[in-house]
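Shown next, in structure tokens, is the structure this report addresses.
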Amino acid sequence: MTSSRSTTPSTPSTPTPKSSAAYQGSLLLRHSVRRTTRVDHTRAISQAPKDRWEDGEWEGGCEDHEPEDTPSLLDSTTVQQVATLFFGGPDDEEAIAWSKRIASHQKINLTVVRFLSFESSRSRSERLDDRDDVVVFMSLATTSYFHLLPHPLQYLAWPLYWIFQGSIFAGIWVLGHDCGHQAFSDHQWVDDTVGFVLHSALLFPYFSCKYSHRRHHSNIGSLEHDQLFVPVPKSQIAWLYKHYLDNPLGRALQLSIMVFLGFPLYLGFNLTGKSYDRSACHYDPYSPLYSKSERLHILMSDISIFITALMLYQLGSAKGLSWIMFVYGMPLFIGNSIIVIITYLNHTHSSLPHYDSSEWDWLKGALSTVDRNYGSILNRVFHHLTDAHVAHHLFATIPHYHANEATKAIKPILGEYYSFDDTPIIKALWRETKECVYIEPNHESSPNNNKGVCVDSEMAGGGIASGSTVFTKFLRPQSTQFQSAAMWGVAATTGALWLVQPFDWLKKTFFEKTATEGQ
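Sequential numbering from 1 applies to the sequence shown in UniProt numbering.
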């Protein structure tokens, strides 16, 4: 990807928010950007007409995509919402100050803000939650009849159930994730209660990841402060990858570890996350991931997981461990793997840069995401976290049932700066794993290159991508010997369970038992 260094503007009369917030707002709200043949976030920022912004000549709308039903003048509250969201994120005090200044300019004609009035509907969100719950219990009920199937079909019925139920579990996780963004209803206590229950049922620490995920949204695309799939510099790639894993078999091993073990490794060791000077665990109230005021909520999440595990143990004592593993454990395993795939692919693509502290700002990072297409059915099952992720990072509080409309609204405004990849998911997953190995500065022939913009390259050279695999991140020099030993131990145990006569194990532990009970 080509990036050019932006020219440092003159200091405005009114202090600007951090970095080039005025540039960014002008870019998105006026769309006065010279088009380029390739996506170029930095050039877009540099070409925004900041002088007209400072003079108050700020008229919204997209010159080449203006609809016939142009909305009327906007009220100051809506304008403040727009400014607060675009300038540094919703918690930025300086952004709020700037929004007040913006609100004084009444000649604002903006198409994209029409979807900002979309409010969360508690009843609609609850209906979607109830729908997922009903599907879960209906699919669970079908397992009672699996023993009636001809014996060979039982081997097919259970994997199909795991995949189906795991997909529903992933959708329920997304609903809990929306609760963490207060996109489920207009009341935070409702959102936190629903999200806490949903995530606890999936053995997921709700508040722990609500806080760390909020920091991911606030620092998306930052090499120093992002919390998820942070790429590693070329200089820190471990010798093991250089000599043994840079081949199809090695990449398959990396991909397997990332997809199947990435979720617990991220929660337990903050793998692929920001590096800290000590252990960072999502279950530890004293982890560097959290502030002092958040510790009580982290402890509540831990207690809820313990209670859920205790309930599963009691149920397993009555129904059998194999029953719990088949009806709950395997779908949960599949659901967690799906979440890893979704998250990885939404933040990994050959056109997406990462920024260091000299170049990063919130909007640049928010645009460093990509929408993916999982098909109309799965996109709905996953509540459009997959195909409306760019809009989600720009407006995290918009309910998922308005995500597609929001995406349609911002696409004409962003133009080429909106990222979408329709590559089949399996193919894209393998491609990004192959190319997303390490990150390096984007050195091009132009003398005005932006040194704070970095891209990722594959080991053999030639490929450019962003992001990193779990395994590559795990091989960073900062990783402790304990973490490495734990990873290899889990990988070896999992591999042994899968490789040692899996069908005989299934037959002895469950199929024959259920058949006997059915008789």
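Where a beta carbon is used, it is the ideal one built from N, C-alpha and C, also for glycine.
Please read these numbers as outputs of a predicted model, since none were measured by experiment.
N-terminal and C-terminal residue of the alpha helix (DSSP H) that Glu432 is part of:
Within the sequence shown, the letter at position 432 stands for residue 432. Run containing Glu432: Ile425 to Glu435, per the alpha helix (DSSP H) assignment.
Hey, out of Ser212, Pro159, Lys234 and Ile410, whose CA is closest to Gln227's CA?
Here residue 227 refers to the residue found at position 227 of the sequence shown. Among Ser212, Pro159, Lys234 and Ile410, the Cα nearest to that of Gln227 belongs to Ser212.
From this set, Glu416, Trp360, Ile172 and Arg431, which residue's C-alpha is nearest Gly221's C-alpha?
Residue mapping note: residue 221 aligns to position 221 of the sequence shown, counting from 1. Out of Glu416, Trp360, Ile172 and Arg431, Trp360 has the C-alpha closest to the C-alpha of Gly221.
Along the alpha helix (DSSP H) that carries Tyr313, what are the first and last residues, could you check?
Translated into positions along the sequence shown, residue 313 becomes position 313. In the DSSP assignment, Tyr313 falls within the unbroken alpha helix (DSSP H) covering Arg295 to Lys319.
Here's the rule I'm using: 16 or more other beta-carbon atoms within 10 Å means buried, otherwise exposed. How should Asn219 be labelled?
To locate residue 219, count along the sequence shown from 1; it is residue 219. Classification for Asn219: buried.
Could you tell me the distance, in whole angstroms, from the CA atom of Leu253 to the CA atom of Arg431?
Here residue 253 refers to the residue found at position 253 of the sequence shown. Here residue 431 refers to the residue found at position 431 of the sequence shown. Computed Cα separation, rounded: 14 Å.
Hey, would you say Tyr438 sits closer than 8 Å to Ile237, going by beta carbons?
Taking the first residue of the sequence shown as 1, we reach residue 438 at position 438. Taking the first residue of the sequence shown as 1, we reach residue 237 at position 237. Taking 8 Å as the cut-off, the beta carbon of Tyr438 is found closer than this to the beta carbon of Ile237.
Assigned secondary structure, His181 (DSSP; H/G/I helix, E/B strand, else coil)
As a position in the sequence shown, residue 181 is number 181, starting the count at 1. Three-state DSSP puts His181 in coil, outside helix and strand.
Where do the N-terminal and C-terminal ends of the alpha helix (DSSP H) with Pro331 fall, by residue?
Taking the first residue of the sequence shown as position 1, residue 331 is located at position 331. Here the alpha helix (DSSP H) through Pro331 covers Met330 to Asn346.
For the pair the segment 184 to 201 and the segment 348 to 358, tell me if three or more CB-CB distances fall below 8 Å.
No: fewer than three Cβ pairs fall under 8 Å.
Tyr438 by DSSP, collapsed to three states: which one?
Indexing the sequence shown from 1 puts residue 438 at position 438. Tyr438: strand per DSSP, three-state reduction.
Starting from Glu224, trace the alpha helix (DSSP H) in both directions and tell me its first and last residue.
Locating residue 224 in the sequence shown gives position 224, where the first residue counts as 1. It is not in any alpha helix (DSSP H) - Glu224 carries neither H nor E in the DSSP assignment.
Could you check where the alpha helix (DSSP H) with Asp284 kicks off and where it finishes?
What you label residue 284 is simply residue 284 of the sequence shown in a count that begins at 1. Where Asp284 is concerned, there is no enclosing alpha helix (DSSP H), given that its DSSP letter is neither H nor E.
If you draw a straight line from the C-alpha of Ala396 to the C-alpha of Tyr313, how long is it?
Numbered from 1 along the sequence shown, position 396 holds the residue referred to as residue 396. Numbered from 1 along the sequence shown, position 313 holds the residue referred to as residue 313. If you draw a straight line from the Cα of Ala396 to the Cα of Tyr313, it comes to about 36 Å.
Can you give the Cα-Cα distance for Phe420 and Leu385, rounded to whole angstroms?
Against the sequence shown, residue 420 aligns to sequence position 420. Against the sequence shown, residue 385 aligns to sequence position 385. Rounded to the nearest angstrom, the gap between the Cα atoms of Phe420 and Leu385 is 13 Å.
Rounded to the nearest angstrom, what separates Leu271 and Leu265 at their Cα positions?
Taking the sequence shown and counting its residues from 1, one reaches residue 271 at position 271. Taking the sequence shown and counting its residues from 1, one reaches residue 265 at position 265. The C-alpha of Leu265 is placed about 6 Å away from the C-alpha of Leu271.
Under 8 Å by Cβ, that's how I've got Leu149 and Ile172 pegged, so tell me the actual separation to the nearest angstrom.
Counting from one through the sequence shown, the residue named residue 149 turns up at place 149. Counting from one through the sequence shown, the residue named residue 172 turns up at place 172. Cβ-Cβ separation between Leu149 and Ile172: approximately 27 Å, too far for a contact (criterion under 8 Å).
Thr494, DSSP secondary structure in three states:
Position 494 of the sequence shown, counted from the start, is the residue given in the question as residue 494. Its pLDDT being 48, under 50, Thr494 is placed unreliably by the model, and nothing is read from it.
According to the Cβ coordinates, are Gly166 and Gly365 closer than 8 Å?
For this step, residue 166 is matched to residue 166 along the sequence shown. For this step, residue 365 is matched to residue 365 along the sequence shown. Taking 8 Å as the Cβ cut-off, Gly166 and Gly365 do not qualify as a contacting pair.
Taking just the CA atoms, how far does Ser301 sit from His65?
Position 65 of the sequence shown, counted from the start, is the residue given in the question as residue 65. Position 301 of the sequence shown, counted from the start, is the residue given in the question as residue 301. Bear in mind that the predicted position of His65 carries a pLDDT of just 30, short of 50, making it too unreliable to give a figure here.
I believe Val340 touches Met258 by the beta-carbon criterion, under 8 Å. Please report the beta-carbon distance rounded to the nearest angstrom.
One-based indexing of the sequence shown puts residue 340 at position 340. One-based indexing of the sequence shown puts residue 258 at position 258. Yes, they are in contact, since the Cβ atoms of Val340 and Met258 sit about 6 Å apart, within 8 Å.
Grab the span of the alpha helix (DSSP H) containing Asp277 for me, first residue to last.
Within the sequence shown, numbered from 1, the residue matching residue 277 stands at position 277. Unbroken run through Asp277: none, as it is neither H nor E.
By how many angstroms is the C-alpha of Pro441 removed from the C-alpha of Trp162?
Within the sequence shown, residue 162 is the residue found at index 162, counting from 1. Within the sequence shown, residue 441 is the residue found at index 441, counting from 1. Annotation: Trp162 to Pro441 spans about 43 Å, alpha carbon to alpha carbon.
Quick one: residues in its chain with C-beta nearer than 7 Å to the C-beta of residue 582, no 5 flanking neighbours on either side, listed in chain order?
Because the chain in this structure spans residues 1 to 519, residue 582 falls outside the shown range and cannot be described.
Indicate whether the contact test is met: 3 or more Cβ pairs, each with one atom in the segment 232 to 246 and one in the segment 313 to 327, closer than 8 Å.
Because the criterion of three Cβ pairs below 8 Å is not met, the segment 232 to 246 and the segment 313 to 327 do not touch.
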